[in-house]
Structure formats: C-alpha cells, structure tokens
Amino acid sequence: MSDFAALTPQPLPDPDTQDFWDSLGKGELGICRCQECSLWMHPPLERCRACAGAVAIESVSGAGTVVSFIVVRQPTVPGRLPPYVVATVELQEQRGLHLVAVLHAEPDAVHVGDRVQAEVVPLPGGDFRVPEFRPAP
Ligand SMILES: [Zn+2]
-7 MSDFAALTPQ PLPDPDTQDF WDSLGKGELG ICRCQECSLW MHPPLERCRA
43 CAGAVAIESV SGAGTVVSFI VVRQPTVPGR LPPYVVATVE LQEQRGLHLV
93 AVLHAEPDAV HVGDRVQAEV VPLPGGDFRV PEFRPAP
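Position 61 (the sequence shown) corresponds to 53 in the working numbering; numbering is contiguous.
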C-alpha cells in the first residue's frame, strides 16, 4: 500500500451503519429495510422512518439510474486522481432510494438517466469495502 493510499479517509461505523459496512465487508451491497412495511432506507436508520418498525440489512441488486452527478476535477481525496465522477443513483428497488458513490465512466459520457450497476470494491488504506458504480452492461 502506498503512503498516499494510507491517507484515504476511512468510514466510521456507528450502531446505525455497522450492519451496512459489515454487508459490504462480505462483498454484498446491503441496504436498510423495514421488516414491517418493507420501506428501503439509506443511509441506514435504527428504526423505520415511516412506521418505526424494526429494520435489517437486505441485499439489493445494485442496479440503478443516475439521477445526478458531479465531475471532480481537483484532487480532494488522497488515492483518487481526478477527473472522476461521483453520482447519486436511484436504486431500482425503490423510487427515491439513493446511493452516492463513484461512477467509473468518462466524465463527458455520463448523463442523468444512465443505467448503472454497483460493485463492491476495496477502499484503499484499510479493510473496508465500498460500493462503486459502472455503466450497466
Ligand atoms: Zn416501516
């Protein structure tokens, strides 16, 4: 590991997000879901925001649609060389279920409405894994 990668900011799991990070650690994208009314929620919460029901992390397909994105053109995160795209993606499991992550695509080729697919990749500088998107095949 390069010294540069060692500077990459690492997640700080808390009681609400620990299961989310654990699912990623197993190579799965898991999203918080109410066990009473089936509402998906991200970021994860301790209880359902709609009905206060118990929640659990459930695997999702990782398929989604770009609803917004930025192109990072200045070096802001150690280990990540610009330019790169950070996208807000609506996961196909539920309208309004958004996940923000790096999108591996040419910045000039990204459009709102593009279909993308999440993958789980190692985060440099530690033991965490994170979701990142690529254009859907
Ligand atoms: Zn609920």
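Just so you know, even glycine gets a beta-carbon here, dropped at the ideal spot from N, CA and C.
* Asked: Can you pull every residue whose C-beta falls closer than 6 Å to some heavy atom of ligand 1, listed in chain order?
  -> C26, E28, C29, L31, C40, A42, C43, G45
* **Cut-off 6 Å between Cβ atoms - residues of its own chain near I23, not counting five sequence neighbours on either side** => Position 31 of the sequence shown holds residue 23. If we look at I23 and ignore the five residues flanking it on each side, its Cβ neighbours are W32, H34, V52.
* In or out: L(-1) buried (at least 16 other Cβ within 10 Å) or exposed? -> To locate residue -1, count along the sequence shown from 1; it is residue 7. Under this definition L(-1) is an exposed residue.
* State buried or exposed for A110, treating a residue as buried only when at least 16 other CB atoms are found within 10 Å of its CB. => Residue mapping note: residue 110 aligns to position 118 of the sequence shown, counting from 1. It counts as buried.
* **P123 versus L16: straight-line alpha-carbon distance, rounded** => Translated into positions along the sequence shown, residue 123 becomes position 131. Translated into positions along the sequence shown, residue 16 becomes position 24. Going by the C-alpha atoms only, they are around 8 Å apart.
* To do: Measuring only between beta-carbons, confirm whether Q109 sits less than 8 Å from chain C.
  => Annotation note: the requested chain C is absent from the structure, which comprises a single protein chain.
* Cα separation between V112 and P74? -> Stepping through the sequence shown from its first residue, residue 112 is reached at position 120. Stepping through the sequence shown from its first residue, residue 74 is reached at position 82. Their backbone Cα atoms lie some 21 Å apart in a straight line.
* **D76 to F61 span [Cα, whole Å]** => What you label residue 76 is simply residue 84 of the sequence shown in a count that begins at 1. What you label residue 61 is simply residue 69 of the sequence shown in a count that begins at 1. Checking the sequence, you will find Tyr at residue 76 rather than Asp. Straight-line Cα distance between these residues: approximately 10 Å.
* **Residue burial classification, A93 (beta-carbon count within 10 angstroms, cutoff 16)** => By 1-based counting over the sequence shown, the position of residue 93 is 101. Counting Cβ neighbours within 10 Å, A93 comes out buried, since at least 16 surround it.
* **Expected contact under 8 Å - CB spacing of V59 and V104 to nearest Å** => As a first step, residue 59 is located in the sequence shown; it is residue number 67 there, counting from the start. As a first step, residue 104 is located in the sequence shown; it is residue number 112 there, counting from the start. Right, their Cβ atoms sit about 6 Å apart.
* Asked: Since V69 sits in a beta bridge, which residues does DSSP pair it with?
  -> Residue numbering aside, residue 69 sits at position 77 when the sequence shown is read from its first letter. Answer is none; V69 lacks a bridge partner.
* From Q86 to P1, what distance separates their C-alpha atoms? -> Along the sequence shown, read from residue 1 onward, the residue named residue 86 stands at position 94. Along the sequence shown, read from residue 1 onward, the residue named residue 1 stands at position 9. Distance between the alpha carbons of Q86 and P1 is about 30 Å.
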